[in-house]
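Number of protein chains: 2
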Amino acid sequence: MGLTKTEIFTEEQNRLAVMLKAIAHPARIAILQEIIKSNTCICGDLVEELGLAQPTISQHLKELKNAGLIQGTIEGVSVCYCINPPVWNELKEQMNGFFAAYDLKATCC
Amino acid sequence: MGLTKTEIFTEEQNRLAVMLKAIAHPARIAILQEIIKSNTCICGDLVEELGLAQPTISQHLKELKNAGLIQGTIEGVSVCYCINPPVWNELKEQMNGFFAAYDLKATCC
DNA sequence: ACTTTATATTGCAATATTACGATGAATGAT
DNA sequence: ATCATTCATCGTAATATTGCAATATAAAGT
Numbered sequence: 046m047g048l049t050k051t052e053i054f055t056e057e058q059n060r061l062a063v064m065l066k067a068i069a070h071p072a073r074i075a076i077l078q079e080i081i082k083s084n085t086c087i088c089g090d091l092v093e094e095l096g097l098a099q100p101t102i103s104q105h106l107k108e109l110k111n112a113g114l115i116q117g118t119i120e121g122v123s124v125c126y127c128i129n130p131p132v133w134n135e136l137k138e139q140m141n142g143f144f145a146a147y148d149l150k151a152t153c154c
Numbered sequence: 046m047g048l049t050k051t052e053i054f055t056e057e058q059n060r061l062a063v064m065l066k067a068i069a070h071p072a073r074i075a076i077l078q079e080i081i082k083s084n085t086c087i088c089g090d091l092v093e094e095l096g097l098a099q100p101t102i103s104q105h106l107k108e109l110k111n112a113g114l115i116q117g118t119i120e121g122v123s124v125c126y127c128i129n130p131p132v133w134n135e136l137k138e139q140m141n142g143f144f145a146a147y148d149l150k151a152t153c154c
């Protein structure tokens with residue numbers, strides 16, 4: 046098969062999975078950290094920072110964009126990337142919910 | 046290729062990626078939610094709860110275990126699963142760090 | 001118009017993931 | 001001892017992901 050059975054799960058579960066899948070790669074974690082670290086939008090110095098080829102970085106950026114976590118605005122020749130607040134907050138809420146639910150009842154094994 | 050270049054990234058980035066990849070699937074999100082919801086360890090009623098075959102669930106549990114997020118203790122015929130606090134907390138800290146870093150400087154686009 | 005610079009797209013090879021049927025191993029009940 | 005129950009493992013088919021070379025696109029400078 047190789048294809049996730051999304052129809053079995055809730056919309057929330059599927060959306061959270063998509064967002065987490067987008068972050069779940071060291072290169073994309075590094076990209077997000079760079080974007081957050083540099084106060085302004087980052088204008089694609091990423092290829093130099095990370096040790097990956099330009100098409101690879103471009104592809105990772107595309108995946109982050111597809112998941113809605115970042116947005117890219119064209120600035121002349123280059124493109125400036127930054128966090129997309131609504132989706133980022135959605136992720137934050139979901140994860141906080143997760144962590145809070147566990148903290149409440151961590152009385153098991 | 047199809048193989049992540051882990052040697053390029055920091056140990057922290059790689060560990061976070063492994064943990065997030067483990068959660069980044071709706072079935073595994075659902076499993077974690079069930080484990081957290083049921084105060085006690087969950088003793089594998091998961092096959093009935095979710096609509097997936099038993100080998101599939103078993104495989105997902107294995108991946109969560111490999112990432113260190115859950116632990117399973119044998120209880121007679123069945124196996125009881127619960128959150129593995131150290132790794133779960135590590136994930137929580139990492140994610141909180143992420144979210145806190147962004148909240149500080151959300152003054153961009 | 002031509003060239004440079006910055007990014008995206010395409011195509012491909014290697015590998016990983018998802019799901020499940022069939023089968024195996026271990027415990028508890030009869 | 002035999003059987004049912006619970007879970008893990010193996011094998012396999014379908015699909016997804018990762019990374020890059022080659023190429024395309026698009027804006028800006030000369």
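Sequences listed follow chains L and F, in order.
Take the first sequence: its letter number 99 is residue 144 in my numbering, and every next letter is one higher.
Take the second sequence: its letter number 50 is residue 95 in my numbering, and every next letter is one higher.
For each residue, glycine too, the CB sits at the ideal point set by N, CA and C.
These numbers come from a predicted model, not from an experiment.
Three-state secondary structure assigned by DSSP to residue i
{"i": "S103 of chain L", "result": "helix"}
{"i": "G117 of chain L", "result": "strand"}
{"i": "A112 of chain F", "result": "coil"}
{"i": "T33 of chain L", "result": "The requested residue 33 of chain L is not part of the displayed model; chain L covers only 46 to 154."}
Limits of the alpha helix (DSSP H) - the one that residue i falls within
{"i": "I68 of chain F", "result": "E56 to I68"}
Boundaries of the beta strand (DSSP E) in which residue i is found, first to last residue
{"i": "I128 of chain F", "result": "S123 to I128"}
Distance, residue j Cα to residue i Cα
{"i": "G33 of chain L", "j": "I53 of chain F", "result": "Because chain L is modelled from 46 through 154, residue 33 of chain L falls outside the range shown and cannot be assessed."}
{"i": "F144 of chain F", "j": "K137 of chain L", "result": "7 angstroms"}
{"i": "A75 of chain F", "j": "T55 of chain F", "result": "30 angstroms"}
{"i": "A69 of chain L", "j": "E120 of chain F", "result": "33 angstroms"}
{"i": "V132 of chain L", "j": "Q99 of chain L", "result": "26 angstroms"}
{"i": "N134 of chain F", "j": "T49 of chain F", "result": "25 angstroms"}
{"i": "G113 of chain L", "j": "G89 of chain L", "result": "18 angstroms"}
{"i": "S123 of chain L", "j": "E57 of chain L", "result": "35 angstroms"}
{"i": "E108 of chain F", "j": "Q78 of chain F", "result": "16 angstroms"}
{"i": "K82 of chain L", "j": "G142 of chain F", "result": "12 angstroms"}
{"i": "K158 of chain L", "j": "K66 of chain F", "result": "Absent from the model: residue 158 of chain L. The displayed extent of chain L is 46 to 154, so no value can be given."}
{"i": "T85 of chain L", "j": "P130 of chain F", "result": "36 angstroms"}
{"i": "T118 of chain L", "j": "L149 of chain F", "result": "22 angstroms"}
{"i": "A146 of chain L", "j": "Y147 of chain F", "result": "23 angstroms"}
Cβ neighbours of residue i in the same chain (closer than 8 angstroms, five flanking residues each side left out)
{"i": "A72 of chain L", "result": "L95, L97, T101, I102 and H105"}
Cβ-based neighbour list, residue i, same chain, cut-off 6 angstroms, excluding 5 preceding and 5 following
{"i": "L61 of chain L", "result": "Q139"}
{"i": "V92 of chain F", "result": "Q99 and I102"}
{"i": "V63 of chain F", "result": "A112"}
{"i": "G47 of chain L", "result": "none"}
Cβ shell of residue i (< 7 angstroms), same chain only, five flanking positions each side left out
{"i": "I80 of chain F", "result": "I87, I115, Y126, C127 and I128"}
{"i": "T51 of chain F", "result": "N59"}
(Q) Give the list of continuous alpha helix (DSSP H) stretches no shorter than 4 residues that lie fully inside the stretch 74-100 of chain L. (A) 91-94
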